[in-house]
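S.K.:
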Amino acid sequence: MKRMIFPLILVVGYFVGTPASAAVIKNYGLDFQGAELTAYDYNNQNQGTYSVWDHQGSVLSLSENAWFTLNLSQYWGLDSINLDDPLTQWLISFDFFVKDRNDSGLSPEIAGLMFADFSQGVTEPQENRTFNLYGTQKFGYDNFSWDGSGWWVSYSFTLDEFMSGLVTDLVFINDCDGNVASDNCGGTNARFKDVVLKQVTEPTPVLFSLIALAAIGWRRARYRIFG
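Heads up: the sequence shown is residues -22 to -1, 1 to 205, going by mature numbering (1 follows the signal peptide of the UniProt record, and there is no 0).
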């Protein structure tokens, strides 16, 4: 009987100390220096380069016509993000700005992020999964725009509010394949830092049932021992 009591005490004690309605939050931070980024190879889309460094956060800088992919499974061990799961929300937060190294006054065509589903193989650029933060081309969501201030701006939003289905890869974009490509976008760099994916999971009825069963088991064990 004692072998039953202690696990029940631990279970009940944990959930008594945790509000039943509290969501479970898990953060997935991105250290670019420890990440393997690969060229987005659909139709030879990527023709640029990238560099990483640490300066008050982990920084990624994209140059020229750059499209680079981070696979969630390789970096975080996540096969995919399921945006159709009603009990889970996914948020992303990051800092972003565009550096005009040559004071050219030019801008990338697309500078931002694509949340891609490559579960069936690499696809063409997906407009309904791309956030265009600063660019001359009308492609992707423009709900969040960089203000052109020349410095970092912080962003945070919920992916489930904009798209559905699976996400297997993050694609970082500094698109310059139009008439400014030969000038490397005038020397502009799209830069990202402090990228964090956040998973918010709501408690389920099964979890509440386990709590109730643990409580009932503890009461029965207590009655048998103490009368």
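For every residue, glycine included, the Cβ atom is placed at its ideal position computed from N, Cα and C.
Using three-state DSSP, classify Asp155 as helix, strand or coil.
M.R.: Here Asp155 sits in coil by DSSP.
S.K.: With DSSP run on the structure shown, which of helix, strand or coil describes Asn24?
M.R.: Looking at Asn24 - three-state DSSP - the assignment turns out to be coil, as it is neither helix nor strand.
S.K.: Just how far apart, CA to CA, sit Asp153 and Lys176?
M.R.: Cα to Cα, Asp153 sits roughly 27 Å from Lys176.
S.K.: So, are the CB atoms of Phe46 and Tyr6 less than 8 Å apart?
M.R.: No, they are not a contact pair.
S.K.: Taking Cβ positions, are Leu40 and Ala13 nearer each other than 8 Å?
M.R.: No, the pair does not count as a contact, with Cβ atoms beyond the cut-off.
S.K.: With distance defined between alpha-carbon atoms, name the residue in Asn167, Gln67, Gly143, Met141 nearest to Phe150.
M.R.: When only C-alpha atoms are compared, the closest one is Asn167.
S.K.: By the three-class DSSP mapping on this structure, what secondary structure does Asn106 have?
M.R.: Reduced to three states, the DSSP call for Asn106 is helix.
S.K.: By the 10 Å Cβ neighbour count, where 16 or more other Cβ atoms means buried, how is Ile59 classified, buried or exposed?
M.R.: Buried is the call here.
S.K.: Give me whichever residues DSSP pairs with Asn49 in a beta bridge.
M.R.: Asn49 pairs with Asp147.
S.K.: Here's a check: name, in chain order, each residue in its chain whose Cβ is nearer than 8 Å to the Cβ of Ser97, leaving out the five neighbours to either side.
M.R.: Ser58, Leu144, Thr146, listed in sequence order.
S.K.: Quick one: any contact between the segment 18 to 34 and the segment 87 to 104, if contact means 3 or more CB pairs under 8 Å?
M.R.: As far as the Cβ criterion goes, the segment 18 to 34 touches the segment 87 to 104, which means the pair count is three or higher.
S.K.: Can the beta-carbon of Gly118 be found closer than 8 Å to that of Ile88?
M.R.: Yes, the pair counts as a contact, with Cβ atoms nearer than the cut-off.
S.K.: Run the CB neighbour count on Pro64, radius 10 Å, all protein chains shown included, and call it buried at 16 or more, exposed below.
M.R.: With fewer than 16 Cβ atoms within 10 Å of its Cβ, Pro64 is classed as exposed.
S.K.: Would DSSP call Trp130 helix, strand or coil?
M.R.: Coil.
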